[in-house]
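Residue numbers (our numbering): 11 to 224.
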Amino acid sequence: MKLKICCISSTDEARTAVTFGADALGLVGAMPSGPGVIADDLAQAIVRVTPPPVATFMLTSEITVDGILAHHRRVGANTIQLVDAVPAGTYTQLRAALPSVKLVQVIHVLDDVSVEEALRAVDEGVDALLLDSGNPNLTVKELGGTGRVHNWQVSRKIVQQSSVPVFLAGGLRLHNVREAIDTVQPFGLDICSGVRTDGHLDPAKLEAFVAAVR
Ligand SMILES: O=C(O)c1ccccc1N[C@@H]1O[C@H](COP(=O)(O)O)[C@@H](O)[C@H]1O
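In structure tokens, the structure reads:
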């Protein structure tokens, strides 16, 4: 089970996450809401201390190709996590500009329409999906970092029908992660608030979480 630790907010947190076996680190760029946002220069510094093969996921709320590329130039991660829906053709243009960078589309799982949305992203060429619990339809969009779970039965349908790897995010905690894995059977897990105390990465929670999933 792959494990992405999100909301990394310092080079020390990055080292801690890597020490406990993270396969990927999440770096949250500017967002309309959410607790995990860091400045782009800090994100770049974290990318630079992250050892291969640990992946660095740059979370962006940008939805234009120019905006996404500009964000990526400031951070330099090896994976772009698109937390909002992007217009058709965006993945093709991003891939042409950044052939070695992986593209991960977040699907905010609300209902069965989310299954269609996920399969459309797969058809259009993303490398992976990440299922989260935001709500892009609100006036102030929620694009992740909610600490809430969503309907895992819908997520399970997406995993069953997707031809690319699927990460599960949203409200994962020590007490619910086994049920999440058994129900959804994702390729990987993505966690932010569940391994934090007062906003800081908590080594004891992280260690317990890793032990529960591996
Ligand atoms: O953390 C944030 O501030 C954030 C804001 C906007 C988009 C994504 C964000 N974080 C991501 O949200 C998931 C779920 O968080 P949680 O585990 O439910 O607290 C997290 O894995 C990050 O990828």
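Note that the Cβ used here is the ideal one computed from N, Cα and C, for glycine as well.
Output yes or no for whether 7 Å exceeds the beta carbon distance between residue 140 and residue 116.
Contact: yes.
Flag this pair as touching only if the region 12–20 and the region 190–204 have three or more C-beta atom pairs under 8 Å; answer yes or no.
Because the criterion of three Cβ pairs below 8 Å is met, the region 12–20 and the region 190–204 touch.
Give the secondary structure of residue 32 by DSSP, where H, G and I count as helix, E and B as strand, and everything else as coil.
Three-state result, residue 32: coil.
To the nearest angstrom, how far is it from the Cα of residue 150 to the Cα of residue 144?
About 11 Å.
Tell me whether residue 160 is buried or exposed, calling it buried when 16 or more other Cβ atoms sit within 10 Å of its Cβ.
Buried: at least 16 other Cβ atoms inside 10 Å.
Let me know if residue 23 comes out buried or exposed under the rule of 16 or more other beta-carbons within 10 Å of its beta-carbon.
So residue 23 ends up on the buried side.
Buried or exposed, going by whether 16 or more other CB atoms sit within 10 Å of the CB of residue 83?
The residue in question, residue 83, is exposed, as its Cβ has fewer than 16 Cβ neighbours within 10 Å.
So, for residue 165: in the same chain, excluding its five sequence neighbours on each side, which residues have a beta-carbon less than 7 Å away from its beta-carbon?
Within the same chain, residue 165 has close Cβ partners 119, 141, 178 and 194.
Compare the beta carbon distance of residue 66 and residue 57 with 7 Å and say whether it is the shorter of the two.
For residue 66 and residue 57, yes; Cβs fall inside 7 Å.
Measure the alpha-carbon distance for residue 224 versus residue 182 and round it to whole angstroms.
Going by the C-alpha atoms only, they are around 15 Å apart.
Output yes or no for whether 7 Å exceeds the beta carbon distance between residue 155 and residue 46.
Result yes, Cβ atoms of residue 155 and residue 46 sit closer than 7 Å.
Tell me whether residue 146 counts as near ligand 1, meaning its Cβ is closer than 6 Å to at least one heavy atom of that ligand.
For ligand 1, not one heavy atom lies less than 6 Å from the Cβ of residue 146.
Comparing the CB of residue 179 with every heavy atom of ligand 1, is any distance shorter than 6 Å?
Result yes, Cβ under 6 Å from ligand 1.
To the nearest angstrom, how far is the alpha carbon of residue 162 from that of residue 190?
Each residue's Cα considered, the two are about 7 Å apart.
Would you say the beta carbon of residue 38 is closer than 6 Å to some non-hydrogen atom of ligand 1?
Yes; taking the cut-off as 6 Å, the Cβ of residue 38 has a heavy atom of ligand 1 nearer than that.
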